[in-house]
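Notes follow the structure.
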Amino acid sequence: MTLDEKAAYASGRAFWTTEPVDRLDIPSIWLADGPHGLRRTRSPDDMGMGGSRPATCFPTAAGLAASWDTSLVRRVGAALGREAQAQDVQVLLGPGANIKRSPLGGRNFEYFSEDPILSGRMAAAYIEGVQSEGVGTSLKHYVANNQEYHRMSTSAEVDERTLREIYLRAFKIPVTQANPWTVMVAYNRVNGTFATQHNRLLRILDEEWGHEGIAISDWGATQDRVAATQAGLNLEMPGNDANDQALVAAVNAGTLSEDTLDRRVQETLEIALRGDQRHRADATFDEALQDEHHALAREAATESFVLLKNEDDFLPLDAASDQQVAVIGAFAKTPRYQGAGSSRVNPTQLSTAHDALTDALGADRVRYAAGYPLGEEEGDPDSLRAAAVEVARTADVALVFAGLPPASETEGADRETLRMSEAHNRLIAAVAEAQSSTGVVLSNGSAVAMPWRDAPKAILETWLAGQAGGAAQADVLLGRTNPSGKLASTFPKELTAPPAHLNFPGEDREVLYGERFFVGYRYYDEKDIEPLYPFGYGLSYTSFEVSDLTLSADSARSSEGVTARAEVANTGTRRGQEVVQLYLHDPESRLRRPPQALRAFRKVALAPGETTTVQFALQGKDFAAWDDRRDRWTVESGAYEVRVGTSSRDLPLRATVTIEGPPADQGPVLDRYSTIDQWLQDPQGRPVIQPLLKTMMGAMGGGNGGGEQPGMSEIFGSLPLTALSSLSGGALTENRIDQLVQQVRADQEGGDPPEQHP
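Following the numbering used here, the numbering of the sequence shown begins with 586 at its first residue and continues without gaps.
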């Protein structure tokens, strides 16, 4: 390839395609949104925000994550891959693995969770499913892209430990487990540097994690093409002729090595050839496959629904009775089933809860009222609410369908409040007051406040449930399917409760991640704050009991790991599914750590009276924390508490295991600014510093004969080593401090090498 051809090949040809090189038979490949359904435009130059080809709209990531079912997500991914094959798409632009730092994030519906383990495992399953069909994925948006406000210029100011333990971890799991063909690099800056030209972040992706695909820019995210290519970006999307010429000029001027450009182009070429070779020209998306995928979308939706409240076993409704059911809320007929922005899908079909309930119960048993307007010109809220109250009063039960309007959850804008619109809130309160047998069905992509929570008998969270969401809602409301979803993010009681509140969305194009790694439930646990509904929570129409937690060993080296086992039984009368969750608590760490962190989960289906054993293999990485002083993952030796249960606030089973970490991981990294207490607490530091301290204490009338002065040890203990230099009367020089530090460092770094942790 000529230099001009290589520069052109490092950017897109059109909005959705890469540059071909016809004379060398190098193909162009097509990239298309989106995470929960294919948005394949009819032309490569068409942005396609309105007129994309029909495709199955599955539940958004917020819903899929609430299923806690990686096998289900893998099946959804495979279906997306089949549709991409049929529509000649080689790379699907998803999934999004960004952490839900705040419930106000405008694209939270596109992301999985506030927890990196859950998010990472869901993303990995999605990638495995799509790529099993010979179609690539684009894991996005790398990294710390957690808001829409000034998303193209804001700098996420985040410390290294938080970056590693929370935000990078959500990407590392799918990269190392599923190896996505591409990783989409975000618009934002990270600690002042644009992600597309962030050398260290791109090196982590390739060198530390061993990513075998390419890094591509988000659309229009490249600021400095030469710097981005140098840092590790392979492909700028979409095309930009001026940036192509900038690459040529940089190579000619010697500011960019042509070898570097060659590597970027070669890696992109491998992806293009892979996509071309695995394309199945005979793939079709016929009516039979459309129906099959619609059925899968329906199953995925029912698996994602979270039953938040079910007083007096209000749900499921008895389809065989003669109850009159008031179906209230415009969302029952005009469903809110996906978010707005680049992920918007043109569905192959669309079910509604009103139609599904009418089909199941009969038109004579269903009474409908809109309850609120969908737009400003669709009626007066007060009049619609009054009419709905009358319908509810004359029925036997009422179901209110409410949530967030499309404008509240969209790419490009964050939410300003946790509250739903007053029209929805007042409707729920009014209907529940008029009809004591009222249930609420919510459609929203992120947490909402519920000032009316105590009023209805039941609350069913159905997220943005995709094109089959209406039928799925009826399935759960009528008991055809037992709800089994669990919250993948905490629902706070009020806007001021979330940990990022004071630093969201930032100002002056900078946002401080001041809560550090206390994201989501980690923060609520640390501060002992009762949320509206906790992480991992969800009810069922049956009941379960977890018991008999055992560990394979009372103690183990971190390189060996330990296996945890527990029994789970269905103690109710219906078949159902339970998600058994395992968290780790470290009571002895010298590093500040959250009270507990999710490390494993398992979803099991059980018939009434059935019991099964769930098993979790804990490895060294599960006990590891990022140590800023060592600039790597470390496993501290000591006791760890294993906690098992069915939500972050319901963990009845506890067991303790003692883990022996590598010698090189133990104790603080001592330097001239470490306190005397830190030196004394370290096995290598204590014998180095004790003789010096004893001499000084004696000289000052302390422990050598005169008796220790009150408070003397406390005063010395909090002083850094350097402060003793001026107090030692010349006994402790700067050179001597350097010698002491070098001596203890050599002792600390002896023994086995540190382990590498994912």
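Ideal placement from N, C-alpha and C gives every residue a C-beta, glycine not left out.
These figures come from a predicted structure and were not determined experimentally.
Exposure of residue i, with buried meaning 16 or more beta-carbon neighbours within 10 Å
{"i": "Pro-1272", "result": "exposed"}
{"i": "Pro-1090", "result": "buried"}
{"i": "Thr-1158", "result": "exposed"}
{"i": "Asn-828", "result": "buried"}
{"i": "Gly-1291", "result": "Low confidence applies to Gly-1291: its pLDDT is 42, below 50, so where it sits in the model is not reliable, and the reading given next is rough at best. The residue in question, Gly-1291, is exposed, as its Cβ has fewer than 16 Cβ neighbours within 10 Å."}
{"i": "Thr-603", "result": "buried"}
{"i": "Ser-1031", "result": "buried"}
{"i": "Ala-1344", "result": "No information on residue 1344 is available, as it lies outside the stretch 586 to 1343 that the chain covers here."}
{"i": "Asn-730", "result": "buried"}
{"i": "Asn-784", "result": "exposed"}
Proximity of residue i and residue j at Cβ, strictly below 8 Å
{"i": "Val-768", "j": "Gly-795", "result": "no"}
{"i": "Asp-1110", "j": "Ser-1233", "result": "yes"}
{"i": "Glu-1226", "j": "Arg-1142", "result": "no"}
{"i": "Val-1033", "j": "Met-1005", "result": "yes"}
{"i": "Ala-1240", "j": "Leu-1134", "result": "yes"}
{"i": "Trp-653", "j": "Thr-626", "result": "no"}
{"i": "Lys-757", "j": "Gly-719", "result": "no"}
{"i": "Asn-1155", "j": "Leu-1191", "result": "yes"}
{"i": "Ala-1138", "j": "Val-1242", "result": "yes"}
{"i": "His-806", "j": "Ala-755", "result": "The sequence as given places Ala at residue 806; His does not occur at that position. Result no, Cβ atoms of Ala-806 and Ala-755 do not sit closer than 8 Å."}
{"i": "Gln-1162", "j": "Val-1189", "result": "yes"}
Own chain, CB closer than 7 Å to residue i, minus 5 neighbours either side, in chain order
{"i": "Ala-1053", "result": "His-879, Ala-882, Arg-883, Ala-886 and Ser-936"}
{"i": "Thr-869", "result": "Ala-671"}
{"i": "Ala-599", "result": "Pro-629, Asp-630, Pro-823 and Gly-824"}
{"i": "Arg-1178", "result": "Asp-1171 and Ala-1210"}
Simplified DSSP assignment, three categories, for residue i
{"i": "Phe-697", "result": "coil"}
{"i": "Tyr-1168", "result": "strand"}
{"i": "Ser-723", "result": "strand"}
{"i": "Ile-1363", "result": "Only positions 586 to 1343 of the chain appear in the structure, and residue 1363 is not among them; the question remains open."}
{"i": "Arg-627", "result": "coil"}
{"i": "Asp-876", "result": "helix"}
{"i": "Glu-1152", "result": "strand"}
{"i": "Phe-1129", "result": "strand"}
{"i": "Phe-1208", "result": "helix"}
{"i": "Gly-1223", "result": "strand"}
{"i": "Glu-1092", "result": "strand"}
{"i": "Gln-732", "result": "coil"}
{"i": "Asn-1289", "result": "Reliability of the predicted coordinates at Asn-1289 is poor, the pLDDT of 45 falling under 50, and no value is obtained from them."}
{"i": "Glu-821", "result": "strand"}
{"i": "Ala-998", "result": "strand"}
{"i": "Arg-1228", "result": "strand"}
{"i": "Arg-1350", "result": "This structure cannot settle anything about residue 1350, because the visible part of the chain is limited to 586 through 1343."}
{"i": "Pro-620", "result": "coil"}
{"i": "Asp-1235", "result": "strand"}
{"i": "Arg-859", "result": "helix"}
{"i": "Arg-1217", "result": "strand"}
{"i": "Ser-993", "result": "helix"}
Neighbourhood of residue i by C-beta, 8 Å cutoff - its chain only, sequence neighbours within 5 removed
{"i": "Thr-587", "result": "none"}
{"i": "Asn-1088", "result": "Val-1096, Leu-1097, Tyr-1098, Gly-1099 and Glu-1100"}
{"i": "Arg-950", "result": "Asp-907, Gln-908, Gln-909 and Val-910"}
{"i": "Ala-925", "result": "Pro-991, Ala-992, Glu-994, Thr-995 and Glu-996"}
{"i": "Ala-663", "result": "Gly-714, Val-715, Ser-717 and Glu-718"}
Beta-bridge partners of residue i, as assigned by DSSP
{"i": "Val-775", "result": "Ala-741 and Thr-778"}
{"i": "Leu-986", "result": "In the sequence as presented, Leu is not what sits at residue 986; that position holds Phe. The partner list for Phe-986 (beta bridge, DSSP) reads Val-1026."}
{"i": "Pro-1268", "result": "Paired residues: none, contrary to the question."}
{"i": "Arg-952", "result": "Ala-911"}
{"i": "Lys-1188", "result": "Val-1164"}
{"i": "Lys-894", "result": "Ile-1044"}
{"i": "Met-769", "result": "Ile-801"}
{"i": "Tyr-1118", "result": "Phe-1076"}
{"i": "Gln-1200", "result": "Arg-1150"}
{"i": "Thr-1241", "result": "Glu-1226"}
{"i": "Leu-1136", "result": "Ala-1149"}
Chain D within 8 Å of residue i, Cβ atoms only
{"i": "Asn-1155", "result": "In summary, chain D is missing from the structure at hand, where a single protein chain is found."}
Neighbourhood of residue i by C-beta, 6 Å cutoff - its chain only, sequence neighbours within 5 removed
{"i": "Met-737", "result": "Tyr-772"}
{"i": "Tyr-1106", "result": "Thr-1075, Phe-1120 and Ser-1233"}
{"i": "Lys-591", "result": "Leu-846 and Val-850"}
{"i": "Gly-1237", "result": "Gly is not the amino acid found at residue 1237; the sequence shown has Pro there. Closer than 6 Å at Cβ, skipping near neighbours: Gly-1230."}
{"i": "Val-1061", "result": "Thr-887, Phe-890 and Pro-1068"}
{"i": "Ser-687", "result": "Pro-1083, Ala-1085 and Phe-1089"}
{"i": "Glu-1221", "result": "Ser-1174 and Gly-1246"}
{"i": "Val-1329", "result": "Leu-1255, Gln-1269, Gly-1270 and Val-1273"}
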